[in-house]
Amino acid sequence: MISGRTGPTNYGSNPVMHDHTIAELAQALAAGEVSSVELTRSLLDRIENRGGEYNSFITVTREQALAEAEAADEARAAGRAGPLTGVPIAHKDIFCTDGVRTSCGSRMLDNFEAPYDATVVRNMRDAGLVMLGKTNMDEFAMGSSNETSYYGPVKNPWDTTRVPGGSSGGSAAAVAARLAPGATGTDTGGSIRQPAAMCGLTGLKPTYGRVSRFGMVAFASSLDQGGPLARTAEDCALMLGAMAGFDPNDSTSIDRPVDDYAGALDGVSLQGLKVGLPKEYFGEGMSDGVRGAVEGVAEKLRELGAEPVEISLAHTELSVPAYYVVAPAEASSNLSRFDGVRYGYRCGEPKNIIDLYERSRGEGFGAEVKRRIMVGTYALSAGYFDAYYLKAQQIRQLISEDFRTAFEQVDVILGPTSPTTAFPIGERSGDPVAMYLSDVYTIAVNLAGLPALSMPAGFADGLPVGVQLIGNHFDEGRLLGVAHQYQQATDHHRQVPAGVND
Amino acid sequence: MSLSPDEVRRIAHLARLSVSDDEVAANANELSSILDLVDRMNAADTRGVTPMAHPQNATQRLRPDVVTEPDRRERYQRLAPAVERGLYLVPRVVE
């Protein structure tokens, strides 16, 4: 694997040493071809030299990363290494990291050094993974373009005048730019899958309850779920194996053993696999380039033995309206904790307690976050609950029933991840509703709590296109296996943005 | 659905958000167009549909009623903008 690229020479001197998957790096570490300290240092240097081109990191934790890498090398020398020991990754800046700034992309938390680790962070450290730093994101994960970050927009490595998608845009750009082989993300309405699609990556949103939400700054608690972004399905399987698991600290965590996702990849067969193609996903709104790529994937899967079946998800159109009640309502409640009293931003010279609350929040939150808090506040205000929140929860039930019926006929569902490829920075930032509607294919999955992944499906006008595979509850293993089989037969996921490896 | 500037100010106050006059004007338009989007829900007949409470119809777990939190007051209060003698400071509330 590594030796094919680097030859027998010192691994650290190879100019493309960063261009390896997590699986390849794990193998190189196990074979002693490279140490975690060498690998970590080279990626930290690369972030220092090239990171500014993409604005994908908010915080780089150099000292801590090198200390963790050293510990990983010691563990390996002592025979205590796991499969991922010493592999460097990045965390979305929504996951609390003990003693390290956890900004959530907001001025509100610019000065916040979390006093504990998120369970995901702890699980991954326990697996020996090394944290390089914290990645940029839309403020409080509210956005589809990474333009709402207090730290400025992230640039797409495939075209730096375009957005990387969002809200996990920094994680996606960092992996696409080969600044990290993998990164964590969170997905409330598509925030892992859409940036994965726009940056040519594989990204997985697990089943609601599979990955702990403890220490993950809450946006919409009934929808939020953490997951991996990486180059391949195999890498996502490896990362998910380290992230997932029951957590008594998260009351919605599901007490159920974690599958051996990586070990099961080769065992998933496409022979006779029934792939549902929702007719509602292939109507208007999808660009021709995206349509061509999705149809190409369906054709390839058929060649590999799968059986495409037309299905109906009749309530698809209602998913965006219902989401823009549920998500803002839960956000308005969750974000009430930011009060300028206990942590985070506090306004100067408050006149009284109300002034303290209102100006700390008014000055600490950006425009999109305030907009959503107000939508949610309105929807939950006296007299409106039945018309909005209750109605939206009923529509969630209808959407879930659509999926339940579909999974009686098919094993997985295939469709586009996003209606278009990455769009120019600034193009949609003035029109929130247009931005919201671009999440039409990803949102229903969160409303129904299902797992789904996006994987590279080719290119349109030089920009990556992603397709989405949706599975039944806890069927992550099958999704990853199907994507892995597809990736064994294609090379879309191996393409590198121009200039990244210069 | 169209919100007036006064309604925007009322919602902002309920949400404890200060808003400038410019923000009120912008939000009156934007919130109205978001509520128009949301009103598309009315196209669905939801009579008799049980509102979804949990994606897997799971119920909240119970745990033994025992103390699990250690005392971390000092660590937490180091994050606060203003504390004194273990208390969080705010502008005077009671005259």
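Keeping their order, the protein sequence lines are chains A and B. Adding 78 to a residue's 1-based position in the first sequence gives its number in the working numbering. Adding 31 to a residue's 1-based position in the second sequence gives its number in the working numbering. Virtual Cβ for every residue (Gly too), placed ideally from N, Cα, C.
Query                                                                                                                                                                               : Result
Rounded to a whole number of angstroms, what is the C-alpha to C-alpha distance between residue 459 of chain A and residue 73 of chain B?                                           : 19 Å
Keeping to the same chain, check which residues put their C-beta closer than 8 Å to that of residue 385 of chain A; ignore five residues upstream and five downstream.              : 350, 351, 352, 353
DSSP three-state label for residue 237 of chain A, please.                                                                                                                          : strand
Under 9 Å, CB to CB, which of the residues in the segment 418–432 of chain A have a partner in chain B?                                                                             : 418, 419, 420, 421, 422, 423, 424, 425, 428, 429, 430, 431, 432
Which residues, in order along the segment 466–491 of chain A, keep a beta-carbon less than 8 Å from a beta-carbon of chain B?                                                      : 466, 468, 469, 470, 471, 472, 473, 474, 475, 476, 478
Counting beta carbon pairs with one atom in the segment 464–476 of chain A and one in the segment 74–85 of chain B, are three or more of them shorter than 8 Å?                     : yes
Under 8 Å Cβ-Cβ, which residues of chain B neighbour residue 449 of chain A?                                                                                                        : 58, 61, 62, 65
Which residues does DSSP pair with residue 537 of chain A in a beta bridge?                                                                                                         : A:542
Look at residue 69 of chain B and residue 403 of chain A and say whether their C-beta atoms are less than 8 Å apart.                                                                : yes
Can you tell me the Cβ-Cβ gap for residue 291 of chain A and residue 330 of chain A, rounded? I've got them flagged as a contact below 8 Å.                                         : 7 Å
With 8 Å as the threshold, decide whether the Cβ of residue 103 of chain B is near any Cβ in chain A.                                                                               : yes
Considering only residues of the same chain and omitting the five flanking positions on each side of residue 570 of chain A, which have a CB-CB separation below 7 Å?               : 534, 535, 536
Look at the alpha carbon of residue 421 of chain A and the alpha carbon of residue 251 of chain A, and state the distance between them as a whole number of angstroms.              : 30 Å
Near residue 181 of chain A, which residues of its chain fall below 8 Å by C-beta distance, leaving aside the five closest residues on each side in sequence?                       : 136, 137, 171, 187, 188, 190, 212, 228, 229
I'd like to know if the segment 160–179 of chain A and the segment 204–220 of chain A are in contact, where contact means that at least 3 CB-CB pairs between them fall below 8 Å.  : yes
If I measure Cβ to Cβ from residue 322 of chain A and keep anything under 7 Å in the same chain, skipping five residues before and after, which residues do I get?                  : 284, 288, 289, 336
What does the alpha-carbon distance come out to for the pair residue 107 of chain A and residue 364 of chain A?                                                                     : 43 Å
Select from the segment 111–124 of chain B all residues with a C-beta closer than 7 Å to any C-beta belonging to chain A, and list them in chain order.                             : 111, 112, 119, 121, 122, 124
For residue 102 of chain A, would you say it is in contact with chain E, using Cβ-to-Cβ distances shorter than 8 Å as the test?                                                     : Among the chains of the structure shown, chain E does not appear; the protein chains present are A and B.
For residue 344 of chain A, count neighbouring Cβ atoms within 10 angstroms of its own Cβ and tell me buried if that reaches 16, exposed if not.                                    : exposed
Expressed to the nearest angstrom, what Euclidean distance is found between the alpha-carbon atoms of residue 92 of chain B and residue 407 of chain A?                             : 24 Å
Please report the distance separating the alpha-carbon of residue 129 of chain A from that of residue 94 of chain B.                                                                : 45 Å
Any C-beta of chain A within less than 7 Å: which residues of the segment 32–50 of chain B qualify?                                                                                 : 42, 43, 45, 46, 47, 48, 49, 50
Would you list the one or two residues that DSSP bridges to residue 346 of chain A?                                                                                                 : Answer is none; residue 346 of chain A lacks a bridge partner.
Spatial neighbours of residue 64 of chain B within its chain, please: CB distance less than 7 Å, with the 5 preceding and 5 following residues excluded, ordered by chain position. : none
Between residue 241 of chain A and residue 225 of chain A, how many whole angstroms is the CB-CB distance? I'm expecting something under 8 Å.                                       : 6 Å
Counting pairs of beta carbons, one from the segment 434–444 of chain A and one from the segment 410–425 of chain A, are three or more of them closer than 8 Å?                     : yes
Should the segment 516–527 of chain A be regarded as contacting the segment 374–389 of chain A, the criterion being three or more beta carbon pairs within less than 8 Å?           : no
Taking residue 45 of chain B as part of the alpha helix (DSSP H), name the residues at either end of that continuous run.                                                           : 36–45
At 4 residues or longer, what runs of the alpha helix (DSSP H) sit wholly inside the segment 181–250 of chain A?                                                                    : 197–204
So, helix, strand or coil for residue 452 of chain A, using DSSP?                                                                                                                   : helix
Rounding to the nearest angstrom, what Cα-Cα distance links residue 118 of chain B and residue 166 of chain A in this structure?                                                    : 41 Å
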